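Below: the structure, in structure tokens.
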Amino acid sequence: MQSGGARAEGLQRPVQFLKGVGPRRAADLARLGLHTAEDLLLHFPRDYLDLGESLPLAALTPGLRATVRGQVLASAERRPRQGLGILTVLIDDGTGRLQLVFFNQPYLKKQLANGVQVVANGEAAPFRGALQMQSPELEILGEEESPRLLGRRILPLYPATRGVGQRWLRRLLDGLLAEPGLVAGLPEILPAEWLRAEGWPARGAALRAIHFPEDRDELASARERLKFEELFLLQLLAALRRRQLAREAGPVLAGGERLLAPFLAGLPYQLTAAQARALAEIRGDLASGGRMNRLLQGDVGCGKTVVALAALLLAAEGGYQGAFMVPLEALARQHFANWAGPLAALGLRAGLLLGGGSQPAKERRSVLAGLADGAIDIAFGTQALIQDEIRFARLGLAVVDEQHRFGVLQRAGLRERGAPHVLVMTATPIPRSLAMTVYGDLELSVIDSLPPGRPGLVTRLATEEQLPRIHAFLRERVAAGERAFLIFPLVEEGDQAELAAATQAYEELAAGPLAGLGCGLIHGRLSAARKAAALAAFRSGERPVLVATTVIEVGIDVPEATLMLIHNPERFGLSQLHQLRGRIGRGRQKSYCILVAPAGMGETSRERLETFVKHRDGFRLAEEDLRLRGPGELFGQRQHGRPELSLAHPLADARLVALARERAAALVARDPELAAADLRALRELLQRVYRERLLLAGVG
84 MQSGGARAEG LQRPVQFLKG VGPRRAADLA RLGLHTAEDL LLHFPRDYLD
134 LGESLPLAAL TPGLRATVRG QVLASAERRP RQGLGILTVL IDDGTGRLQL
184 VFFNQPYLKK QLANGVQVVA NGEAAPFRGA LQMQSPELEI LGEEESPRLL
234 GRRILPLYPA TRGVGQRWLR RLLDGLLAEP GLVAGLPEIL PAEWLRAEGW
284 PARGAALRAI HFPEDRDELA SARERLKFEE LFLLQLLAAL RRRQLAREAG
334 PVLAGGERLL APFLAGLPYQ LTAAQARALA EIRGDLASGG RMNRLLQGDV
384 GCGKTVVALA ALLLAAEGGY QGAFMVPLEA LARQHFANWA GPLAALGLRA
434 GLLLGGGSQP AKERRSVLAG LADGAIDIAF GTQALIQDEI RFARLGLAVV
484 DEQHRFGVLQ RAGLRERGAP HVLVMTATPI PRSLAMTVYG DLELSVIDSL
534 PPGRPGLVTR LATEEQLPRI HAFLRERVAA GERAFLIFPL VEEGDQAELA
584 AATQAYEELA AGPLAGLGCG LIHGRLSAAR KAAALAAFRS GERPVLVATT
634 VIEVGIDVPE ATLMLIHNPE RFGLSQLHQL RGRIGRGRQK SYCILVAPAG
684 MGETSRERLE TFVKHRDGFR LAEEDLRLRG PGELFGQRQH GRPELSLAHP
734 LADARLVALA RERAAALVAR DPELAAADLR ALRELLQRVY RERLLLAGVG
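In structure tokens form, the structure reads like this:
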């Protein structure tokens, strides 16, 4: 979310020139990503201390999280022979006493002198017959505060760093917000009737209140308004993009009798109702005359690939080429190996295009020529398929199986290939509210059921002490002709030396408990050729045990793989664990996923893994992952060109997501150029901050 309008110039001032900052403090602020006055204004509190809710010390009980206040009676510092310095501070409020314990913060000793008044927030725990709080949130009252902040009931707590203390940051923000005309002069970017309907404050008042609220009600209203604002900006950009796409003509791809019907009839199974519904939605887009821009999502093993192939056949039947892009070369090779034969039986030629050094030059030249002259009907490959030098004779449909790795700008770049239809497939099922937020410019199709008749898949949580029995079980499975994955979180040991690295584990296992079985190794730092060779040896059974990192999490399909051991599972997100588990249970045999957890794992990690053991529904696990890790963690990286969410959470704020999408769509339908006088501030903000995205949406 960004500020805009008449005060923009003042808000673009470097923080160095704000009162009380200077070059050294500016360098400290830069570590927090704060470079301008605007950055500072949008550096929202992570939490608040409510002094009005403080609890008498006599009322504290073990396990209770509370805010307390009191006077420092004594403090003592000790430093164990090895370890962090420990400062223990005793406070008293007239009703009781409490120990506050701080680790490796020696500077607090001087600040917490006897007689100082403090406020602390934390969880009380028993210790040697008394109560204590370890590493509580701490506020020293009355010191160095701005006069306007003295006596305030609610104090903001900010994300901070070395050299940027809470009180100093509060004074800085208070001074900025107190500048004459700054808050009152911030132009409103939301229509007045929206604010009235929701009871929200004006923009300037909301920004003031989120930093320094008078009470909880004012804070709640300000937060909701600012959450909506950042979601609305996201949805407005998506709505403008959808409008632009709707105005672009796409190939009319109807039919289906010549290629699609025999393809579906030749499958050894019928499409599920969910697959058929998704295919019908895609066919409607392809036959509409507009450009399809659709997201197809579904759980692991739900059959997205078959639906995508069916769509590509419609392109071929209409006289167009199709491209199927995947994130990994191994997956591109797998798709080509699986589908080149069935496509040839329909009279179609498939091609495989990889990065420059990953396939023989002669083979690559032949594929490039086939794409350029139209001899290749359907191409499988990585993002090599959309490099500048690649030319298609008549590209009609691009299928992108990449989720977050293929963002808005890359999809827009497909225009240069003849404005094909675009079908994006997720590697992770995600809740609808998150899909609307991250992929707001795409229509959504969901495959929400799995094909019947799948064999059982058992998930168990085990400990490292059980590894001898687990390895014996693995030997039995391999002796029966099956395959096993052993997953490790790192490639080589670094700072996190306690984690078993895949390379070291491979050497130890191959020479020790799994000697004689035939072990292979695959990780992200191997060359493409060595990865392909390792997978080929695994598939053939030459090396039926594959030690791997998460490089195998997307799409690798080996029906004989029935066993997966995941070491240090607490290091993975639930959605990533679900993707890994999806690599087994794809054949006819019963399969087993065993999580090998270290001794002493925390209770929170154990509860999360027990949730994974209990549930196989990817959508349920994705929601839990989103609650625990946040959307940024869920996707691993920020999607290029997407405004960041500072306050809103797509799952917790699903109502605001839907409202923002509805309001953005209505606004674009009414005024697609945002030309109305009362939208001037909104338009100026978009032009200044999101100009590149606006150009993609056809807005000057």
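Residue numbering for the sequence shown follows the numbering used here, starting at 84 and increasing by one per position.
Think of the CB as a built atom: it goes at the ideal place given N, C-alpha and C, for glycine as much as any other residue.
Please read all numbers here as calculations on a predicted model, not as lab measurements.
C-beta atoms of residue i and residue j nearer than 9 Å
| i | j | result |
| --- | --- | --- |
| ASP111 | LEU140 | no |
| GLY372 | ILE530 | no |
| GLY665 | VAL628 | no |
| PRO121 | GLN95 | The sequence given here places Glu at residue 121; Pro does not occur at that position. Yes, these two residues count as a Cβ contact at 9 Å. |
| ALA406 | GLY464 | yes |
| LEU739 | GLU307 | yes |
| SER304 | GLY282 | yes |
| PHE185 | VAL172 | yes |
| ARG245 | GLY135 | no |
| LEU533 | ASP382 | yes |
| VAL561 | ASP484 | no |
| GLY264 | ALA502 | no |
| GLY564 | GLU643 | yes |
| ALA747 | ALA322 | yes |
| PRO242 | LEU115 | yes |
| LEU569 | ALA588 | yes |
| LEU396 | LEU429 | yes |
| GLY701 | HIS661 | yes |
| LEU354 | LEU362 | yes |
Counterpart residues of residue i in DSSP-defined beta bridges
| i | result |
| --- | --- |
| PHE185 | LEU170 |
| TYR131 | PRO239 |
| THR546 | ALA680 |
| VAL29 | With the chain covering 84 to 783 only, the question about residue 29 has no answer from this structure. |
| ALA749 | In the DSSP output, where bridge partners are listed per residue, ALA749 has none listed. |
| ASP175 | GLN154 and ARG180 |
| ILE223 | VAL201 |
| CYS602 | VAL628 |
Residue i beta carbon near the ligand SAH (any heavy atom closer than 8 Å)
| i | result |
| --- | --- |
| LEU342 | Judged by which ligands are present, the structure shown has none, so any question about the ligand SAH falls away. |
CB-CB length for residue i against residue j, believed under 8 Å
| i | j | result |
| --- | --- | --- |
| ALA292 | LEU302 | 6 Å |
| THR150 | LEU132 | 6 Å |
| ASP709 | LEU734 | Here the sequence assigns Leu to residue 709, which means Asp is not the residue at that position. Rounded, the Cβ-Cβ distance is 5 Å, consistent with contact. |
| ALA52 | LEU506 | For the chain, the structure presents residues 84 to 783; residue 52 sits outside this window and is missing. |
| LEU221 | ALA203 | 5 Å |
| ASP524 | ARG324 | 4 Å |
| ALA764 | GLU412 | The Cβ separation is near 48 Å, so there is no contact. |
| ALA467 | GLY440 | Wrong, their Cβ atoms sit about 11 Å apart, outside the cutoff. |
| PRO219 | LEU183 | 6 Å |
| ILE639 | LEU328 | Going by Cβ atoms, the distance from ILE639 to LEU328 rounds to 33 Å, so no, they are not a contact pair. |
| GLN200 | LEU224 | 4 Å |
Close beta carbons around residue i, own chain, < 8 Å, minus the five adjacent residues each side
| i | result |
| --- | --- |
| ILE553 | ALA545, LEU648, ILE677 and VAL679 |
| VAL574 | Low confidence applies here, because VAL574 scores a pLDDT of 45, under 50, leaving its location unreliable and the question unanswered by this model. |
| PRO425 | PHE346 and GLY349 |
| THR694 | LEU657, LEU704 and GLU707 |
Range covered by the alpha helix (DSSP H) that runs through residue i
| i | result |
| --- | --- |
| GLU690 | 686-697 |
| GLY268 | 265-268 |
| SER449 | 444-456 |
| THR645 | Per DSSP, THR645 belongs to no alpha helix (DSSP H); it is in the beta strand (DSSP E), 644-650. |
| ILE293 | 286-294 |
| VAL507 | Here VAL507 belongs to no alpha helix (DSSP H); instead the beta strand (DSSP E) covers 504-508. |
| ARG311 | The identity of residue 311 in the sequence shown is Phe, whereas the question assumes Arg. Where PHE311 is concerned, the enclosing alpha helix (DSSP H) stretches over 299-330. |
| ALA415 | 412-428 |
Same chain, Cβ closer than 6 Å to residue i, neighbours up to 5 away in sequence not counted
| i | result |
| --- | --- |
| SER674 | LEU540, THR645, ILE667 and GLY668 |
| HIS118 | none |
| GLY719 | Low per-residue confidence applies at GLY719: pLDDT is 39, beneath 50, and the placement is therefore not dependable enough to give any value. |
| ASN398 | Note that residue 398 corresponds to Ala in the displayed sequence, not to Asn. If we look at ALA398 and ignore the five residues flanking it on each side, its Cβ neighbours are LEU336, GLY405, GLY479 and LEU480. |
| GLY603 | ALA617, ALA620, PHE621, ARG626 and LEU629 |
| LEU181 | LEU140, ILE174 and LEU214 |
| GLU364 | SER528 |
The beta strand (DSSP E) enclosing residue i, as first and last residue numbers
| i | result |
| --- | --- |
| GLN353 | Where GLN353 is concerned, there is no enclosing beta strand (DSSP E), given that its DSSP letter is neither H nor E. |
| GLN217 | 213-217 |
| GLY153 | 148-161 |
| GLN200 | 200-210 |
| PHE568 | 566-570 |
| VAL628 | 628-631 |
| ASN376 | 376-381 |
| ASN528 | According to the sequence as given, residue 528 is Ser; it is not Asn. Note, SER528: beta strand (DSSP E), 526-530. |
| PHE407 | 404-408 |
| PHE655 | Element bounds for PHE655: n/a, residue is neither H nor E. |
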